[in-house]
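J.:
In the working numbering, the protein residues as written are 78 to 368.
#1: Give every residue of the same chain whose Cβ lies closer than 7 Å to the Cβ of residue 189, excluding the five residues on either side of it in the sequence, and list them in chain order.
#2: Count the CB pairs spanning the region 112-130 and the region 320-338 that are closer than 8 Å, and state whether there are at least three.
#3: Threshold first: 4 residues or longer. Then list the alpha helix (DSSP H) segments lying entirely within the region 105-140, N to C.
#4: Report yes or no: do the region 305-314 and the region 253-263 share at least 3 C-beta pairs separated by less than 8 Å?
#5: Using three-state DSSP, classify residue 325 as helix, strand or coil.
#6: Between which residues of its own chain and residue 202 is the CB-CB distance below 6 Å, once the five residues before and five after are set aside?
#7: Three Cβ pairs or more, each shorter than 8 Å: is that satisfied between the region 353-362 and the region 225-233?
#8: Output needed for residue 221: all residues of its chain with C-beta closer than 6 Å, excluding positions within five of it in sequence on either side, in chain order.
#9: Where residue 170 and residue 113 are concerned, what is the direct C-alpha to C-alpha distance, given to the nearest angstrom?
#10: What three-state label does DSSP hand residue 144 in the structure shown?
#11: Between the region 286-300 and the region 262-274, are three or more C-beta pairs nearer than 8 Å?
#12: Rounded to the nearest angstrom, what separates residue 274 and residue 205 at their Cα positions?
#13: Going by beta-carbon coordinates alone, are residue 149 and residue 207 separated by less than 9 Å?
#14: According to the Cβ coordinates, are residue 332 and residue 225 closer than 9 Å?
#15: With a threshold of 7 Å on Cβ separation, who are the neighbours of residue 284 within its own chain once the five nearest residues in sequence on each side are excluded?
#16: If you measure between the beta carbons of residue 106 and residue 304, is that distance less than 9 Å?
#17: For residue 211, which residues of its own chain have a beta-carbon under 6 Å away from its beta-carbon, when the five flanking residues on both sides are left out?
#18: If we count the other Cβ atoms within 10 Å of its Cβ and call it buried at 16 or more, is residue 249 buried or exposed?
#19: Looking at the unbroken alpha helix (DSSP H) that takes in residue 418, where does it start and where does it end?
#20: Expressed to the nearest angstrom, what Euclidean distance is found between the alpha-carbon atoms of residue 314 and residue 93?
#21: How about residue 302 and residue 159: are their beta carbons less than 9 Å apart?
#22: Could you tell me which whole beta strand (DSSP E) segments of length 3 or greater appear in the region 284-350?
Written as structure tokens, this is what we have:
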């Protein structure tokens, strides 16, 4: 896979005319997951796709006709993949639940939101836009290993205070039996991995084909943070989730490693898991946290 860096990322000449439809499509995420107004999310997706077709359709067609590579990025196609993924996620409530039915719903909807755009890109559009570069940039540097330690330290310092003082831990079900604790562990980790597959390897990478890094990163963060809001990171959660989403996009761009961003996310989620167990079971992990 070509390195996804500012120097050689497969980005067309900046098409600023495409920023409006891309923004409208991404704003469907807060409609779906923050406001929870489904019809508004549908309307924004439809409007964004219509604008993309009206404003960029001819440019996409001209670029494909003039380029020797038939896989020239198309904003209309790429936004359609993002829209399809969001539509699939939006069909289920994202409230954290641990019963069998909820875990099946999450598996099918979140799995479909990654798999369906990938299959369409690969076998219908045939542009191979979505890839999952597990090792990417090779061996991890000293800085990368240090950052993992920093992530754990920041999570340990910040997350207990956030979850407990804001009360948002109640957005997750009570986990007071070994089975429920095990289900929470699996659920938190699985959703964390999915976040990177969808928001970074799908949404961010597709947007990066058309916009500079900063623009693409802000747009994917809108989608990422909106999803996390409905999942339970509410109150002043965006103070944490916005920089986290932006950093994950930046780290992926620099490392080209899905394995690394997943590791960062899972370390953070490991602290989330322990904090939720601690908050729902006072006295069990009191010696581990300051709050």
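For glycine and all other residues, C-beta sits at the position ideal for the given N, C-alpha and C.
T.: Let's see:
#1: 165
#2: no
#3: none
#4: no
#5: helix
#6: 154
#7: no
#8: none
#9: 9 Å
#10: With a pLDDT of only 49 at residue 144, under 50, the local geometry of the prediction cannot be trusted, and no value is derived from it.
#11: no
#12: 15 Å
#13: no
#14: no
#15: 99, 293, 296, 297
#16: yes
#17: 335, 336
#18: buried
#19: Beyond the ends of the chain as shown, which are 78 and 368, falls residue 418; an answer cannot be given.
#20: 31 Å
#21: no
#22: none
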